[in-house]
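Residues 415 to 717 in our numbering are what the sequence shown lists, from first letter to last.
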Amino acid sequence: MSNRPPQLSCLPEPTTSPPVLRFAPSPNGYLHLGHALSALVNADLAQQTGGRLLLRIEDIDIDRCNQEFETAIHEDLAWLGLTFEHQVRRQSEHIDAYRAALAKLEAMDLIYPAFLSRAEIRRQAEVVEAGGQVWPRDPDGALHYPTDERHSNRQVAQQRIADGERHSLRLNMAKALSMVEGPLFWQEVSDAGQEQISSDPASWGDVILWRWDAPSSYHLSVVVDDALQGVTHVVRGADLFAATAVHRLLQHLLDLPAPAYTHHRLILGEDGRKLSKSLQSAGLRHLRAEGLSPLDIRRLVGL
415 MSNRPPQLSC LPEPTTSPPV LRFAPSPNGY LHLGHALSAL VNADLAQQTG GRLLLRIEDI
475 DIDRCNQEFE TAIHEDLAWL GLTFEHQVRR QSEHIDAYRA ALAKLEAMDL IYPAFLSRAE
535 IRRQAEVVEA GGQVWPRDPD GALHYPTDER HSNRQVAQQR IADGERHSLR LNMAKALSMV
595 EGPLFWQEVS DAGQEQISSD PASWGDVILW RWDAPSSYHL SVVVDDALQG VTHVVRGADL
655 FAATAVHRLL QHLLDLPAPA YTHHRLILGE DGRKLSKSLQ SAGLRHLRAE GLSPLDIRRL
715 VGL
C-alpha cells in the first residue's frame, strides 16, 4: 500500500460520467489530520478527473453523534478550502433505505436475531480456549459471534424481542456465502495501478447489520449510501481495507454496483496507532488555533 495518493492515469474508467467520490465523516468528535488526509485526497482526485465530490454525514450512531460536531465538520472542511456539492446526505434522514435493504436480506433468510452480549461472547471464548482450542477472531481482532443462534426457534426469539430483550440482527455468513457463485473480489487502485483483491468475508464471521441502539450498521448503511449516491470511487483509510470484503458481499447480495476502492495510508500518532478524535494535538481546530494554515495541513499529511 503506497504512501502516495493515486494518480489520474491509474484510476479505472468510470461507470458513470463524471466520476463520483465522497468524503463521509461521522459527527462523533472533531476532525483530525487523518480525516484531513482522506478529505484532501478525495478532493484532489475529484479535481484531477473532473469528478463530483460529495459530502456524507454518517450519523447513524445516534447516541454518539451530535450537532456540535457536525457543525465543526463543515467549519473545518471550509477552512481547508474544500467545497462539496450542496446536497449533503445525512444518514439519519434515510433510515427507510437501510430498512428496505435489511428487509431484502431477511426475505432471503440471511438474517437472525442475536442476543449475546460482548461479555457473554468473551466468556464462551475463554472456556473454549482454556481447553486448547482457538476461538476465531475477525481482522480487527474482535471475537467472532458464536453460530448457535443461526438456527434458533424463531417464535422463541420473537417472544424475547417482544419482551424487550436487547438484541442485534446478524448476517448468517455461511448461508450468505453459499449464495455466491465464484470468487468475490474488488478493484484496488493506487499510484502503482489497479489490482484485483480477493475478498474473504468469512474472516469477519456473522457481522451485525442492525443494532438495538442504532437503525443500521456501518457495513449495511455504507453500501446502500454508496449505491444510492452513485459513488464510483471509494477513497478511505487503510483501516477499512479488510472490511471491503464484507461490503463486496453485501453489494452482491443486494444487487448493488461495486465501486473501485483506494485505501490510503493512515496518519499515526506518536504511539504508532492511528489517530483518535480524542487526541486534541492532531485536531484541525487545535492546529488552526495554533496558527497553522491549510497549506501547513497539506504538508503535515504528506501532500
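C-beta: ideal position from N, C-alpha, C; glycine also.
Per DSSP, cross-strand counterpart(s) of residue i
i	result
Tyr526	Arg584
Gln608	Val603
His677	Arg650
Ile622	Arg584
Arg504	Ile471
Leu557	Arg551
Whole-number beta carbon distance between residue j and residue i, since they are thought to touch under 8 Å
i	j	result
Pro615	Val645	Actually they are not in contact, since the Cβ atoms of Pro615 and Val645 sit about 20 Å apart, beyond 8 Å.
Leu623	Leu709	The pair is not a contact, with the Cβ atoms about 42 Å apart (cut-off 8 Å).
Val637	Leu654	Wrong, their Cβ atoms sit about 12 Å apart, outside the cutoff.
Arg662	Ser613	5 Å
Ala372	Leu557	With the chain covering 415 to 717 only, the question about residue 372 has no answer from this structure.
Asn442	Arg470	Actually they are not in contact, since the Cβ atoms of Asn442 and Arg470 sit about 14 Å apart, beyond 8 Å.
Pro678	Ser452	In the sequence on display, residue 678 carries His and not Pro. With 8 Å as the limit, His678 and Ser452 qualify as a contact, their Cβ atoms being about 7 Å apart.
Gln505	Ser635	6 Å
Leu524	Lys589	6 Å
Residue i - containing alpha helix (DSSP H), residue span
i	result
Tyr512	Ile509 to Ala521
Ile681	Neither: Ile681 is in no alpha helix (DSSP H) and is coded neither H nor E.
Arg564	No alpha helix (DSSP H) holds Arg564; DSSP gives it neither H nor E.
Ala703	Leu698 to Ala703
Trp549	Premise fails: Trp549 is in no alpha helix (DSSP H) and is neither H nor E.
Thr722	The question about residue 722 has no answer, for the chain in this structure spans 415 to 717.
Glu595	Careful: Glu595 lies outside any alpha helix (DSSP H) and carries neither H nor E.
Leu709	Pro708 to Leu714
His488	Gln481 to Trp493
Glu543	Arg532 to Ala544
Nearest neighbour of residue i, chosen from the options [CA to CA]
i	options	result
Asp620	Pro550, Ala571, Pro441 and Asp640	Pro550
Pro673	Ile681, Val649 and Leu654	Val649
Asn456	Gln547, Val434 and Tyr526	Val434
Glu489	Arg625, His446 and Asp639	His446
Leu698	Ile487, Gln643 and Arg504	Ile487
Phe498	Arg584, Asn480 and Gln461	Gln461
Gln573	Gly465, Pro527 and Leu557	Pro527
Tyr559	Met587, Gln643 and Arg568	Met587
Tyr444	Phe483, Ser431, Ile476 and Arg466	Phe483
Ser631	Ile575, Ser617, Ser566 and Tyr512	Tyr512
Val715	Leu468, Pro439 and Leu494	Leu494
Asp510	Ile474, Val502, Phe529 and Arg536	Ile474
Ala628	Met593, Leu583 and Leu670	Leu583
Gln643	Asn480, Ile476, Thr463 and His508	His508
Ile476	Asp552, Glu563, Arg625 and Glu579	Arg625
Ser440	Val541, Asp458 and Gln481	Gln481
Leu467	Asp577, Asp640 and Ala657	Asp640
Gly596	Asn567, His666 and Ala652	His666
Residue interval of the beta strand (DSSP E) (run including residue i)
i	result
Trp600	Phe599 to Ser604
Problem set entry | alpha helix (DSSP H) segments (min. 4 residues) lying fully within the segment 429–477 | 447–463
Problem set entry | Those runs of the alpha helix (DSSP H) which lie wholly inside the segment 625–659 and span at least 4 residues | 632–642
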